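There are 2 protein chains.
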Amino acid sequence: MSSSETPLTAEVHTALEIAKRGCDELIVERDFAQKLARSQSTGQPLRIKLGLDPTAPDIHLGHTVVLNKMRQLQDLGHTVIFLIGDFTSTIGDPSGRNSTRPPLTPEQVKDNAKTYYDQAHLVLDPSRTEVRYNSEWCDQLGSRGMIQLASRYTVARMMERDDFTKRFQSHTPISVHEFLYPLLQGYDSVQLKADLELGGTDQKFNLLVGRELQKEYGQEQQCILTMPLLVGTDGVEKMSKSKGNYIGITESANSMFGKLMSISDTLMWSYYELLSFKSLDEIAGLRQQIENGTNPRDVKVALAQEIITRFHSAQAADEALRDFEARFRHGEIPQDLPEISVNGAPLGIVKLLREAGLAQSNSEANRSIDQGGVRVDGTRIEDKGLALEAGTYVVQVGKRRFAKVTVN
Amino acid sequence: MSSSETPLTAEVHTALEIAKRGCDELIVERDFAQKLARSQSTGQPLRIKLGLDPTAPDIHLGHTVVLNKMRQLQDLGHTVIFLIGDFTSTIGDPSGRNSTRPPLTPEQVKDNAKTYYDQAHLVLDPSRTEVRYNSEWCDQLGSRGMIQLASRYTVARMMERDDFTKRFQSHTPISVHEFLYPLLQGYDSVQLKADLELGGTDQKFNLLVGRELQKEYGQEQQCILTMPLLVGTDGVEKMSKSKGNYIGITESANSMFGKLMSISDTLMWSYYELLSFKSLDEIAGLRQQIENGTNPRDVKVALAQEIITRFHSAQAADEALRDFEARFRHGEIPQDLPEISVNGAPLGIVKLLREAGLAQSNSEANRSIDQGGVRVDGTRIEDKGLALEAGTYVVQVGKRRFAKVTVN
Numbered sequence: 001m002s003s004s005e006t007p008l009t010a011e012v013h014t015a016l017e018i019a020k021r022g023c024d025e026l027i028v029e030r031d032f033a034q035k036l037a038r039s040q041s042t043g044q045p046l047r048i049k050l051g052l053d054p055t056a057p058d059i060h061l062g063h064t065v066v067l068n069k070m071r072q073l074q075d076l077g078h079t080v081i082f083l084i085g086d087f088t089s090t091i092g093d094p095s096g097r098n099s100t101r102p103p104l105t106p107e108q109v110k111d112n113a114k115t116y117y118d119q120a121h122l123v124l125d126p127s128r129t130e131v132r133y134n135s136e137w138c139d140q141l142g143s144r145g146m147i148q149l150a151s152r153y154t155v156a157r158m159m160e161r162d163d164f165t166k167r168f169q170s171h172t173p174i175s176v177h178e179f180l181y182p183l184l185q186g187y188d189s190v191q192l193k194a195d196l197e198l199g200g201t202d203q204k205f206n207l208l209v210g211r212e213l214q215k216e217y218g219q220e221q222q223c224i225l226t227m228p229l230l231v232g233t234d235g236v237e238k239m240s241k242s243k244g245n246y247i248g249i250t251e252s253a254n255s256m257f258g259k260l261m262s263i264s265d266t267l268m269w270s271y272y273e274l275l276s277f278k279s280l281d282e283i284a285g286l287r288q289q290i291e292n293g294t295n296p297r298d299v300k301v302a303l304a305q306e307i308i309t310r311f312h313s314a315q316a317a318d319e320a321l322r323d324f325e326a327r328f329r330h331g332e333i334p335q336d337l338p339e340i341s342v343n344g345a346p347l348g349i350v351k352l353l354r355e356a357g358l359a360q361s362n363s364e365a366n367r368s369i370d371q372g373g374v375r376v377d378g379t380r381i382e383d384k385g386l387a388l389e390a391g392t393y394v395v396q397v398g399k400r401r402f403a404k405v406t407v408n
Numbered sequence: 001m002s003s004s005e006t007p008l009t010a011e012v013h014t015a016l017e018i019a020k021r022g023c024d025e026l027i028v029e030r031d032f033a034q035k036l037a038r039s040q041s042t043g044q045p046l047r048i049k050l051g052l053d054p055t056a057p058d059i060h061l062g063h064t065v066v067l068n069k070m071r072q073l074q075d076l077g078h079t080v081i082f083l084i085g086d087f088t089s090t091i092g093d094p095s096g097r098n099s100t101r102p103p104l105t106p107e108q109v110k111d112n113a114k115t116y117y118d119q120a121h122l123v124l125d126p127s128r129t130e131v132r133y134n135s136e137w138c139d140q141l142g143s144r145g146m147i148q149l150a151s152r153y154t155v156a157r158m159m160e161r162d163d164f165t166k167r168f169q170s171h172t173p174i175s176v177h178e179f180l181y182p183l184l185q186g187y188d189s190v191q192l193k194a195d196l197e198l199g200g201t202d203q204k205f206n207l208l209v210g211r212e213l214q215k216e217y218g219q220e221q222q223c224i225l226t227m228p229l230l231v232g233t234d235g236v237e238k239m240s241k242s243k244g245n246y247i248g249i250t251e252s253a254n255s256m257f258g259k260l261m262s263i264s265d266t267l268m269w270s271y272y273e274l275l276s277f278k279s280l281d282e283i284a285g286l287r288q289q290i291e292n293g294t295n296p297r298d299v300k301v302a303l304a305q306e307i308i309t310r311f312h313s314a315q316a317a318d319e320a321l322r323d324f325e326a327r328f329r330h331g332e333i334p335q336d337l338p339e340i341s342v343n344g345a346p347l348g349i350v351k352l353l354r355e356a357g358l359a360q361s362n363s364e365a366n367r368s369i370d371q372g373g374v375r376v377d378g379t380r381i382e383d384k385g386l387a388l389e390a391g392t393y394v395v396q397v398g399k400r401r402f403a404k405v406t407v408n
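Here's what the structure looks like:
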């Protein structure tokens, strides 16, 4: 595009800043700026692709990082294409090695996609969202088309994908069909004539395949925008259902509130950047308020209120806040505790507090016990050598932090 | 099969010896013996697969090594399946890197297959030959079937194929679709329920894929029989049209005769083993005759006669012999010279004689010149330092050996 670059207007600069907020990488920024400029001058919205694997339809806040970015781009006038990968999910894992990927029936795919879509629409603007199923063109490829598609990419480039490199080196089997899946995902971009594809940082390789294939097919290449993976409530690992550190978007307002209030003050800023729709200027203002003496708790409350309003309502957010404050005042155990699982029974109380995210360090855990602030099932703990057998306990630290902890 | 092995009859032992004659490898011999035994007791012929790439329909003696083995197995009562790989040859090389593999039209495939089949039937028994086209099942696979097929094999095992290993290590591109071709060839064996697949030693990897896939699909595994690649008339490289060291099966009787008489006495035994239908006992008898004083030339004449009879007629073979003998007697330059190409103009006469196969070594070439036995275009050569510019020359060594040599 360098030969005939359109000069960028102030609006395009602003749109570019919105697109880049919180992102990990935008490839290629200069090309994307040109796409934005062209869209502005022609009035033709950009086509922004989001691929969805319809095997696990439950959305947590980690998934919404990308959805939020989609929404921001929709608000700039662009079209989101919600691409449902039904072709591969109705095949499942044909090698049979991955028992967690059974083939889905077309009905299951439709049900899962609907569940996902209903949830996603708490974030997305339905009037600027197209839904497509990739079986539409993947089945039409046929066996000849599949060979022709596979001829567009080399084994060496495929091997550059991080997980393939590692598995090949460690002699963990890679089935040949696994090389076809990134190509099919890239072929979706060709069929959709996508201008931009979004994904988590772990999707970068696959998103780049789309760029390459569009070039092979003589199209203008899509840009790619990767978003960081949201860290879970434990402040350590990426948010994931299997890690128990997630906040589901259909959880009750009280549960969301409790979990959001339990995150560290540091993690709060990452959540503001990736989950809040407040502008970066507003967020900078909040940082300034804390420096001027505002309690970080109040800023965390504002974040929890914004998110609960999005997924429930402003009223539910207010009720959750009142409920939370009542607990502080009356020292009651709240009804709706965050549930946390930890391993290693019998587990020492200090380690348990740390692993459950109720203390940030061993010394903080020790200090809380010394100050008489730790209770297990209502009993104050004085013995720092206490080990808990497998079972479920209500653990309280100070007046505010509660969790239902299952020791395995 | 080990749990219920059928004892082998004398007939099965004989059949096994015929199958193994001249072969490079039979995998797995014990299983093949059981297949032969079962076929004998049930009267059900074995299904023997020969894959044919219908891009180059002209057959030379090198190709007939495998065809001869097929014929021997037909004579034992088994069925040959002549499998025409039209599916892949109508795709060509979709990566566009190999310009020598343009996609063929279905008509070109049919024409080439017919040409090949007509020639092959000079060796094969038509009444025990089935012809099949693999597009029959490969097109039916569809894109889903292709993915399922690809899931049956790992990248690591595919990389074990010698040429893939070398190309990957030397950074020579391998397109992903090249991993699909051996799988399709193996899938042909599944569809054909082949008992045995034949090929050159260079096909061993692909033939083994067929064994693996049959197992994956719950079938009894085919055995594989690889035949060595026939060395060309130069005694050095494998017979190949591009090397100019070949004998085409549609060449004239005189040309065949001349070329066969030009091979070395050592190479003659390899040709006897791989090209003659004489029994191994008869061939041992011929060796004995030479030890007892018979001129090797007479044994070579017998080989030439057998081969010309197969591809022309007994009468043509006799005429070629008479013509050849007349040339010896009268010192005439024969009409129908073998044509040989050599590179490296200007080329020294000694090197030319060796490379053209007119002398087995430098010392033999030197000796022939010293004895006044070498003529170029009729002129006796005395200067061993003579270098020949690019061009075509009639070169004669002694009374019997003539060739039209093109120096490039």
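In order, the protein sequence lines correspond to chains D and R.
For the first sequence, the working numbering gives the first residue as 1, with consecutive numbering after it.
For the second sequence, the working numbering gives the first residue as 1, with consecutive numbering after it.
All C-beta atoms, glycine included, are put in the ideal place defined by N, C-alpha and C.
Being a predicted model, the structure only gives us computed values, none of them experimental.
Members of the region 133–144 of chain R near chain D, C-beta cut-off 9 Å: C138, D139, Q140, L141, G142, S143, R144
Can you check whether the CB of I48/R is closer than 9 Å to the CB of R211/R? Indexing the second sequence from 1 puts residue 211/R at position 211. Indexing the second sequence from 1 puts residue 48/R at position 48. Taking 9 Å as the Cβ cut-off, R211/R and I48/R do not qualify as a contacting pair.
Going by other Cβ atoms of all chains shown within 10 Å of its Cβ, with 16 needed for buried, is E11/D buried or exposed? For the purposes of this step, residue 11/D is identified with residue 11 of the first sequence, where counting begins at 1. Exposed: under 16 other Cβ atoms inside 10 Å.
Answer yes if the region 25–42 of chain R comes into contact with the region 57–73 of chain R, meaning at least three C-beta pairs across the two stretches below 8 Å, and no otherwise. no
If the criterion is Cβ atoms closer than 9 Å, does the pair E130/D and F87/D meet it? Start at 1 with the first residue of the first sequence, and residue 130/D comes out as number 130. Start at 1 with the first residue of the first sequence, and residue 87/D comes out as number 87. Cβ atoms of E130/D and F87/D: not closer than 9 Å.
Distance, Cα to Cα, Q305/R vs V342/R? Taking the second sequence and counting its residues from 1, the one referred to as residue 305/R is at position 305. Taking the second sequence and counting its residues from 1, the one referred to as residue 342/R is at position 342. Distance between the alpha carbons of Q305/R and V342/R: 28 Å.
Quick one: is E178/D near chain R, going by C-beta distance under 9 Å? In the first sequence, counting from the first residue as 1, residue 178/D sits at position 178. It does; some Cβ of chain R falls within 9 Å.
Limits of the beta strand (DSSP E) - the one that I224/R falls within: Against the second sequence, residue 224/R aligns to sequence position 224. Where I224/R is concerned, the enclosing beta strand (DSSP E) stretches over 223–227.
Check whether I381/D and I349/D have beta carbons under 9 Å apart: The count along the first sequence starts at 1 and reaches residue 381/D at position 381. The count along the first sequence starts at 1 and reaches residue 349/D at position 349. Contact flag set, yes.
For S279/D and T14/D, what's the separation of their Cα atoms in angstroms? Within the first sequence, numbered from 1, the residue matching residue 279/D stands at position 279. Within the first sequence, numbered from 1, the residue matching residue 14/D stands at position 14. Roughly 12 Å between the two C-alpha positions.
Show which residues of chain D have a CB atom less than 8 Å away from the CB atom of L183/R. In the second sequence, the residue the question calls residue 183/R occupies position 183. Residues of chain D passing the Cβ test: V176.
Residues that Q191/D contacts on chain R, provided the C-beta gap is smaller than 9 Å: Your numbering for residue 191/D matches position 191 in the first sequence. The contacting residues do not exist; Q191/D stays about 13 Å from chain R at best.
Relative to the ligand COA, is the shortest distance from any of its heavy atoms to the C-beta of M146/D smaller than 8 Å? What this structure holds is no ligand at all, so the ligand COA is not there to describe.
Could you tell me whether any Cβ in chain R is nearer than 9 Å to the Cβ of I147/D? Working through the first sequence from its first residue, we reach residue 147/D at position 147. Yes - at least one Cβ of chain R is within 9 Å of the one on I147/D.
Local Cβ density within 10 Å of A120/R, reported as buried at 16 or more and exposed below that: Position 120 of the second sequence, counted from the first residue, corresponds to residue 120/R. The residue is buried, with at least 16 neighbouring Cβ atoms inside 10 Å.
So, does the CB of S151/R fall closer than 9 Å to a CB anywhere in chain D? As a working note, residue 151/R is residue 151 in the second sequence. It does: the Cβ of S151/R has a partner Cβ on chain D nearer than 9 Å.
In or out: P182/R buried (at least 16 other Cβ within 10 Å) or exposed? In the second sequence, residue 182/R corresponds to position 182, counting from 1. Buried.
Are the beta-carbon atoms of L192/R and R132/R separated by less than 9 Å? Walking along the second sequence from the start, residue 192/R turns up at place 192. Walking along the second sequence from the start, residue 132/R turns up at place 132. Yes, Cβ-Cβ distance for L192/R and R132/R is below 9 Å.
Assigned exposure category for H171/D - 16 Cβ within 10 Å defines buried: Looking up residue 171/D in the first sequence gives position 171. By the neighbour-count rule (16 or more Cβ atoms within 10 Å), H171/D is not buried but exposed.
What residue ranges within the region 34–62 of chain D form continuous beta strand (DSSP E) runs of no fewer than 3 residues, ordered along the chain? 47–52
Measure the C-alpha to C-alpha separation of D417/D and D377/D and round it to an integer number of angstroms. Limits of chain D in this structure are 1 at one end and 408 at the other, which puts residue 417/D out of reach.
With 16 other Cβ atoms within 10 Å as the buried cut-off, status of N292/R: The residue labelled residue 292/R in the question sits at position 292 within the second sequence. Per the 10 Å Cβ criterion, exposed.
Using a beta-carbon distance below 9 Å, is V410/D in contact with chain R? This structure gives no information on residue 410/D, because the portion of chain D shown stretches from 1 to 408.
Step through the CB atoms of chain R and report whether any lies within less than 9 Å of the CB of H13/D. One-based indexing of the first sequence puts residue 13/D at position 13. Output row for H13/D: interface = no.
Determine the burial state of R71/D: buried for a count of at least 16 other Cβ atoms within 10 Å of its Cβ, exposed for fewer. Position 71 of the first sequence, counting from 1, holds the residue named residue 71/D. R71/D is buried by the Cβ-count criterion.
Do you know how far the Cα of L225/R is from the Cα of R401/R? For the purposes of this step, residue 401/R is taken as the residue at position 401 of the second sequence. For the purposes of this step, residue 225/R is taken as the residue at position 225 of the second sequence. When rounded, the distance between both Cα atoms is 37 Å.
Closer than 9 Å to chain R by CB, S2/D: Along the first sequence, read from residue 1 onward, the residue named residue 2/D stands at position 2. At S2/D, the pLDDT of 48 sits below 50, so the modelled position is not reliable; the number obtained from the coordinates is stated separately. For S2/D, the answer is no, since every Cβ of chain R falls outside 9 Å of its Cβ.
Given Q315/R as reference, the closest of S252/R, E178/R, A356/R, Q169/R once Cα atoms are compared: Here the question's residue 315/R lines up with position 315 in the second sequence. Per the Cα distances, S252/R.
Is T115/D close to chain R? Criterion is C-beta to C-beta, closer than 9 Å. As a first step, residue 115/D must be located in the first sequence, where it is residue number 115. Not one chain R Cβ lies under 9 Å of T115/D.
On a CA-only basis, which of D24/D, K238/D, K399/D is nearest L198/D? Give me that one, please. Taking the first sequence and counting its residues from 1, one reaches residue 198/D at position 198. Nearest option by C-alpha distance: D24/D.
What are the start and end residues of the alpha helix (DSSP H) that includes A150/R? For this step, residue 150/R is matched to residue 150 along the second sequence. Looking at the DSSP string, the run of the alpha helix (DSSP H) that includes A150/R is 135–150.
Quick one: what's got a C-beta closer than 6 Å to S2/R's C-beta in the same chain, skipping five residues either side? Position 2 of the second sequence, counted from the start, is the residue given in the question as residue 2/R. Residue placement at S2/R is flagged as unreliable, the pLDDT there being 48, under the threshold of 50; a coordinate-derived value is accordingly withheld.
Complete beta strand (DSSP E) runs within the region 216–291 of chain R (minimum length 3 residues, chain order): 223–227
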